[in-house]
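Here the structure comes first, spelled out in structure tokens, and everything after it is commentary.
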Amino acid sequence: MSSPPRGEITAQLEPVVSEAVAEKGFDLEGLDVQQAGRRRLVKVVIDSDNGVGLDDITEVSRSVAKVLDAHEHVLAGSYTLEVTSPGVDRPLTKPRHWKRARHRLVKIRLTGGEQLVARVGNADDEGVQVLVGAELRQVAYRDVERAVVEVEFQQPPAEELRKLERAASGVSQQGDDREDTEESR
93 MSSPPRGEIT
103 AQLEPVVSEA
113 VAEKGFDLEG
123 LDVQQAGRRR
133 LVKVVIDSDN
143 GVGLDDITEV
153 SRSVAKVLDA
163 HEHVLAGSYT
173 LEVTSPGVDR
183 PLTKPRHWKR
193 ARHRLVKIRL
203 TGGEQLVARV
213 GNADDEGVQV
223 LVGAELRQVA
233 YRDVERAVVE
243 VEFQQPPAEE
253 LRKLERAASG
263 VSQQGDDRED
273 TEESR
């Protein structure tokens, strides 16, 4: 008996795996099913606003395994389950990725070819505010060809974080560093 193509298996399993992951409070970032010898390898990538810990991986693994066991006819045989979190080099492709990367340093390639290294500020459903050097810029997601988080081994500079926080709170960037002066009457 031949088994269905890999993409078809993934498409059949994605709704039920996504539901099982969501019930545990996580987002399904990726699902891949591939042949590994006589077994199938089912790789599930999860994430959340609060990150993913080892206990979370264990809990989600149990939940997903139950769902896969209930849908063993789709897998047509035994499988190995791997549940993991996204790596640091995962591309930022969805608004939630940008929101989770707040205050992180990112490398961005825009559709016009321009390359930016920027610190992430507020993100919404249409775009993200980034700090490029000393300049705040609004970047629409549709203008981003590729973006990934850069690994930093130090805390972000405090001044950069202050600029992003002032921008997020709506404080004018112009003149906000002035010293207080007394007004004459």
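In the working numbering, the protein residues as written are 93 to 277.
The beta-carbon is built from N, C-alpha and C at its ideal position, and this holds for glycine as well.
Being a predicted model, the structure only gives us computed values, none of them experimental.
For a test of the three-state rule: what should DSSP assign to L173, helix, strand or coil?
strand
Can you check which of these residues, H163, E115, I138 and T203, is closest to E174 by C-alpha distance?
I138
My output table needs one value for E111: the three-state DSSP class, helix, strand or coil.
helix
Relative to the C-alpha of Q207, which residue among V198, W190 and A215 is closest?
V198
Short check: CB of E252 to CB of R196, under 9 Å?
no
Shorter than 8 Å, the distance from the beta carbon of F245 to the closest heavy atom of the ligand GDP, or not?
The ligand GDP is not part of the structure shown, which contains no ligands of any sort.
In whole angstroms, what separates the C-alpha of N214 from that of T185?
16 Å
Find out if the Cβ-Cβ distance for the pair L133, V125 is shorter than 9 Å.
yes
Report the residue ranges of all beta strand (DSSP E) runs contained in full by the stretch 150-198; include only those spanning at least 3 residues, in chain order.
171-176
Among L105, N142 and S261, which one has its Cα closest to the Cα of E164?
L105
If you compare alpha carbons, which of D217, L160 and L167 is closest to R188?
D217
Whole angstroms are fine: how far does the CA of E257 sit from the CA of V231?
17 Å
I need the straight-line Cα distance from V243 to V180, nearest angstrom please.
7 Å
Relative to the C-alpha of V152, which candidate in R130, S177 and P183 has its C-alpha closest?
S177
From what residue to what residue does the beta strand (DSSP E) around K255 run?
No beta strand (DSSP E) holds K255; the alpha helix (DSSP H) holding it covers A250 to S261.
Got a sec, what are the start and stop residues for the beta strand (DSSP E) Q127 sits in?
D119 to A128
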